[in-house]
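J.:
Number of protein chains: 2
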Amino acid sequence: MAEIHSDLPHPAKDELRLESVLFALSDPARLDIVRQLADGPLEMARCHLMDPGIPKSTKSHLMKVLREAGVIRNLPQGRGRILSIRREDLDERFPGLLDAVLTAT
Amino acid sequence: MAEIHSDLPHPAKDELRLESVLFALSDPARLDIVRQLADGPLEMARCHLMDPGIPKSTKSHLMKVLREAGVIRNLPQGRGRILSIRREDLDERFPGLLDAVLTAT
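Protein sequence lines, in the order shown, are assigned to chains D and Z.
The end of the first sequence is residue 175 by the numbering used here, with every number in the run present.
The end of the second sequence is residue 175 by the numbering used here, with every number in the run present.
Rendered as structure tokens:
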């Protein structure tokens, strides 16, 4: 898979750390974002938080933790941004982890 | 499986929360403890921390986070304590998660 150039830094696949991925997924609001992306990429503006009262700065921070851990990509697209799970990278580095998390209830 | 009575509180299987389990596993020192228990129960005194300079109070706290999340059991045995992974409970509640975490490198 070709390297994707972005305005925001994303760790390379080989730099992903299990602990960081688990931490990023350990928060209900962050986990909810990942679940929204399970069926495919989503515009950031369409990604909603569980609690609509959460300020925009908090939403940005949640996205940042997920991106810096390597769980999601956050790329510019047109005038907005598009979010997606780094499924191939995660499945290769931590086989079965993402599926286990997404199927858990 | 019969309920196990202990001096320390352990959440029931149905009370386990994915986020709490992921959080408990998201710390290198806690993850190392879980890996030591992967082959079977271990006396707490034989469970060593990665960093031998970590104070005993920190070791106790690491065990507490793992126990309260439902990842490990911490039961009295003789004059010591015995630690074990709650594998059956975790596998039933979050199929594949523990294996994915333990096989990840």
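In this text, a Cβ means the ideal position worked out from N, Cα and C, and glycines have one as well.
(1) Please check if any C-beta of chain Z sits within less than 8 Å of the C-beta of Val-171(D).
(2) Between Val-135(D) and Val-104(D), how many whole angstroms is the CB-CB distance? I'm expecting something under 8 Å.
(3) Verify whether the separation of the beta carbon atoms of Leu-78(Z) and Asn-144(Z) is less than 8 Å.
(4) Just checking: is the beta-carbon of Asp-97(Z) within a distance shorter than 8 Å of some beta-carbon in chain D?
(5) Measuring alpha carbon to alpha carbon, tell me which residue in Ala-99(Z), Asp-169(Z) and Arg-163(Z) is nearest Thr-128(Z).
(6) Ala-108(D) and Leu-187(Z) - do their beta-carbons sit closer together than 8 Å?
(7) Please confirm if Met-71(D) has its CB atom under 8 Å from at least one CB of chain Z.
(8) Do the segment 149-163 of chain Z and the segment 113-132 of chain Z meet, that is, are 3 or more Cβ pairs less than 8 Å apart?
(9) According to DSSP, simplified to helix, strand and coil, what is Leu-107(Z)?
(10) DSSP on Pro-98(D), reduced to helix/strand/coil?
(11) Hey, quick one: how far does the beta strand (DSSP E) through Leu-153(Z) stretch, first residue to last?
(12) I need the straight-line Cα distance from Cys-117(D) to Asp-169(Z), nearest angstrom please.
(13) When you compare the CB of Leu-101(Z) with every CB in chain D, is at least one pair closer than 8 Å?
(14) Following the continuous alpha helix (DSSP H) through Arg-137(D), name the residue where it begins and the one where it ends.
(15) Between Pro-81(D) and chain Z, is any beta-carbon pair separated by less than 8 Å?
(16) Determine whether the Cβ of Gly-140(Z) lies closer than 8 Å to any Cβ atom of chain D.
(17) Quick check: what's the CA-CA separation for Gly-123(D) versus Pro-165(D)?
(18) Once the 5 residues before and after Leu-95(Z) are set aside, which same chain residues still bring their CB inside 6 Å of it?
(19) In whole angstroms, what is the alpha-carbon distance linking Asp-161(Z) and Leu-167(Z)?
T.: According to the data block:
(1) Locating residue 171(D) in the first sequence gives position 101, where the first residue counts as 1. Yes, its Cβ sits closer than 8 Å to a Cβ of chain Z.
(2) Working through the first sequence from its first residue, we reach residue 135(D) at position 65. Working through the first sequence from its first residue, we reach residue 104(D) at position 34. Their Cβ separation, rounded to whole angstroms, is 11 Å, which puts Val-135(D) and Val-104(D) out of contact at 8 Å.
(3) Within the second sequence, the letter at position 8 stands for residue 78(Z). Within the second sequence, the letter at position 74 stands for residue 144(Z). Closer than 8 Å, so yes.
(4) As a working note, residue 97(Z) is residue 27 in the second sequence. True, the Cβ-Cβ gap to chain D drops below 8 Å.
(5) Walking along the second sequence from the start, residue 128(Z) turns up at place 58. Minimum Cα distance to Thr-128(Z) is reached at Ala-99(Z).
(6) Residue 187(Z) cannot be examined here, being either before or after the span of chain Z that is shown, 71 to 175.
(7) Walking along the first sequence from the start, residue 71(D) turns up at place 1. Summary for Met-71(D): the model assigns pLDDT 48, below 50, so the residue's position carries little reliability; its value from the coordinates is reported in the next sentence. By this cut-off, Met-71(D) is not an interface position.
(8) yes
(9) Position 37 of the second sequence, counted from the start, is the residue given in the question as residue 107(Z). In this structure, Leu-107(Z) counts as coil in the three-state DSSP scheme.
(10) Looking up residue 98(D) in the first sequence gives position 28. DSSP places Pro-98(D) in helix when its eight states are reduced to three.
(11) Position 83 of the second sequence, counted from the first residue, corresponds to residue 153(Z). Counting along the chain, the beta strand (DSSP E) containing Leu-153(Z) begins and ends at 150-155.
(12) As a working note, residue 117(D) is residue 47 in the first sequence. As a working note, residue 169(Z) is residue 99 in the second sequence. One C-alpha to the other measures close to 30 Å.
(13) On the second sequence, residue 101(Z) is found 31 positions in, with the first residue counted as 1. Closer than 8 Å: yes.
(14) The count along the first sequence starts at 1 and reaches residue 137(D) at position 67. Segment 126-139, the alpha helix (DSSP H) holding Arg-137(D).
(15) The residue you call residue 81(D) lines up with position 11 of the first sequence. No, its Cβ sits nowhere closer than 8 Å to a Cβ of chain Z.
(16) Within the second sequence, residue 140(Z) is the residue found at index 70, counting from 1. Cβ-Cβ to chain D under 8 Å: no for Gly-140(Z).
(17) Taking the first residue of the first sequence as position 1, residue 123(D) is located at position 53. Taking the first residue of the first sequence as position 1, residue 165(D) is located at position 95. Going from the Cα of Gly-123(D) to the Cα of Pro-165(D) covers about 35 Å.
(18) As a working mapping, residue 95(Z) is identified with position 25 in the second sequence. Excluding residues within five positions, the ones whose Cβ falls inside 6 Å are Leu-101 and Val-171.
(19) Your numbering for residue 161(Z) matches position 91 in the second sequence. Your numbering for residue 167(Z) matches position 97 in the second sequence. One C-alpha to the other measures close to 7 Å.
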